[in-house]
DNA sequence: TGCTAACATGAATCCTGAATCAGTTTCCAC
DNA sequence: GTGGAAACTGATTCAGGATTCATGTTAGCA
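Chains as they are written, first to last, in the numbering used here: chain A, 627 to 829; chain B, 627 to 829.
Have a look at this one:
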């Protein structure tokens, strides 16, 4: 029953986008359940009723925030690695881009952990979409002899994602830092290099 | 203002423990916010008022559940690796024990992701306590030349924890399986072995 | 048997906050 | 400059659920 459905003038577009940003911030700060619509509309500088012109419900906003940022992140990662040659250098560029993006969206980092009970599908999809692309890229690299064989490629993808997620969490959330420190990034490079490099020079 | 404080007869102990178990289950199923006290007391087979004889609040129960299970997990991991010789075999035993324990406590796996906004300290402490012990063990192994040097040992600990967490999530939560499949465990063994093994036989 | 403290009950209270709605304001095409 | 559609407003409604409380039940001990 969204009143302002597909159309949206420039003005409406701006308001929607302000709500989206306020939502990201407030959800990140207070968590989904403790974030009130009033908090969000205050943050966006509109009245409470305005909220429902753009989103069906609080949950609907949450979905929109995660979906929107998910697109951005995946596009960002694709762009950051596209020009890099070789899977291992691509991994390093990918981790750097991931940490950079997450540092700029720390709220989202926290939102995601909250998302499972707001919308289970949403939460799974966030990781699955990342994992699917990742798995495919890794499999190609293995087939091309660029990186070492593994028993299960999908597990490799999840393992690498887990590394990124936890190291980001350690610094950006636990310590509330604005960046992941270089020595942490360097450590990941070492690990990835050792874990993925083919045993002998590829033939 | 907990009525039945430190004393607790056998009967009281039993009731408390039933509430704790019901809490773990219901929090895991519905999430912290959607779990009602009524759900929990139903699950435990007691009346609503009884809840407040044992816990100050819903949040207090959450804390108790996480703290109690945290102790169990750490004890379990310590026990599973104690008799194993060598850091890399210890890692394999540790991952196996972690997956086994998590499979038996899938609710907790989901609860944790929810815990950040219920009690931030609680959430951080869960990982920090694991990471601190882990970091110490890895540093010792590096000093002993058992595993390869890394730039930052704590990052290594978080990276390994992230691998375990994500692979557990993939199978136990996303697929709702009762175990992590052997090929996933084998893949992790390969990765850990490659990432940690010293380049040349240790001197 | 009767007494007391521990344990248990569940209806009633009370507050929070999502969603609604009856109107008001802005914008632009004509 | 006027009509109407698109935006916007914020007080009000309403349901859900955490917590309380007045009261009942059990178990062990003199």
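Even glycine gets a Cβ: it sits at the ideal position worked out from N, Cα and C.
Cβ of residue i within 8 Å of any chain A Cβ
{"i": "residue 676/B", "result": "no"}
{"i": "residue 742/B", "result": "yes"}
{"i": "residue 700/B", "result": "no"}
{"i": "residue 739/B", "result": "yes"}
{"i": "residue 668/B", "result": "no"}
{"i": "residue 736/B", "result": "yes"}
{"i": "residue 641/B", "result": "no"}
Residue i vs residue j beta-carbon contact at 8 Å
{"i": "residue 777/A", "j": "residue 722/B", "result": "no"}
{"i": "residue 742/B", "j": "residue 749/B", "result": "yes"}
{"i": "residue 732/B", "j": "residue 799/B", "result": "yes"}
{"i": "residue 685/B", "j": "residue 758/B", "result": "no"}
{"i": "residue 736/A", "j": "residue 654/A", "result": "yes"}
{"i": "residue 788/A", "j": "residue 793/B", "result": "yes"}
{"i": "residue 802/B", "j": "residue 714/B", "result": "no"}
{"i": "residue 712/A", "j": "residue 651/A", "result": "no"}
{"i": "residue 646/B", "j": "residue 690/B", "result": "yes"}
Interface flag, residue i vs chain B, CB-CB below 8 Å
{"i": "residue 721/A", "result": "no"}
{"i": "residue 728/A", "result": "no"}
{"i": "residue 629/A", "result": "The pLDDT assigned to residue 629/A is 46, lower than 50, so where the model puts this residue is not dependable; a value taken from the coordinates is nonetheless given after this. False, the Cβ-Cβ gap to chain B never drops below 8 Å."}
{"i": "residue 800/A", "result": "yes"}
{"i": "residue 695/A", "result": "no"}
{"i": "residue 660/A", "result": "yes"}
{"i": "residue 887/A", "result": "What the structure shows of chain A is the stretch from 627 to 829, and residue 887/A is not part of that stretch, so it cannot be assessed."}
{"i": "residue 732/A", "result": "no"}
{"i": "residue 685/A", "result": "no"}
{"i": "residue 750/A", "result": "yes"}
{"i": "residue 657/A", "result": "yes"}
Among the options, nearest to residue i - alpha-carbon criterion
{"i": "residue 681/A", "options": "763/A, 754/A, 644/A", "result": "644/A"}
{"i": "residue 809/B", "options": "756/A, 765/A, 781/A", "result": "781/A"}
{"i": "residue 738/B", "options": "688/B, 760/B, 701/B", "result": "688/B"}
{"i": "residue 695/A", "options": "761/A, 709/A, 708/A, 728/A", "result": "728/A"}
{"i": "residue 633/A", "options": "679/A, 675/A, 770/A", "result": "679/A"}
{"i": "residue 637/B", "options": "788/B, 676/B, 771/B", "result": "676/B"}
{"i": "residue 817/B", "options": "815/A, 725/A, 822/A", "result": "822/A"}
{"i": "residue 700/B", "options": "804/B, 725/B, 714/B", "result": "725/B"}
{"i": "residue 761/A", "options": "804/A, 662/A, 783/A", "result": "783/A"}
{"i": "residue 697/B", "options": "718/B, 755/B, 659/B", "result": "755/B"}
{"i": "residue 660/B", "options": "740/A, 764/A, 795/A", "result": "740/A"}
{"i": "residue 751/B", "options": "795/A, 639/A, 705/A", "result": "795/A"}
{"i": "residue 707/B", "options": "804/B, 656/B, 763/B", "result": "763/B"}
{"i": "residue 779/A", "options": "766/A, 674/A, 657/A", "result": "766/A"}
Distance between beta carbons of residue j and residue i, contact taken as under 8 Å
{"i": "residue 641/B", "j": "residue 672/B", "result": "6 Å"}
{"i": "residue 703/A", "j": "residue 720/A", "result": "6 Å"}
{"i": "residue 824/A", "j": "residue 785/A", "result": "Incorrect: roughly 18 Å between the Cβ atoms, too far for contact."}
{"i": "residue 670/B", "j": "residue 648/B", "result": "4 Å"}
{"i": "residue 815/A", "j": "residue 718/A", "result": "5 Å"}
* Asked: When you check each C-beta in the segment 782 to 800 of chain B against every C-beta of chain A, which residues fall closer than 7 Å?
  -> Taking a C-beta cut-off of 7 Å against chain A, the contacting residues of the segment 782 to 800 of chain B are 782, 784, 785, 787, 788, 789, 791, 792, 793, 796, 800, listed in chain order.
* Could you list the residues in the segment 760 to 780 of chain B with a C-beta less than 9 Å from some C-beta on chain A, going in chain order? => Of all residues in the segment 760 to 780 of chain B, only 774, 775, 776, 777, 778, 779, 780 place a beta-carbon less than 9 Å from a beta-carbon of chain A.
* Listed in chain order, which residues of the segment 805 to 822 of chain A have Cβ atoms closer than 7 Å to some Cβ of chain B? -> Listed by position along the chain: 809, 810, 812, 813, 814, 816, 817, 820, 821.
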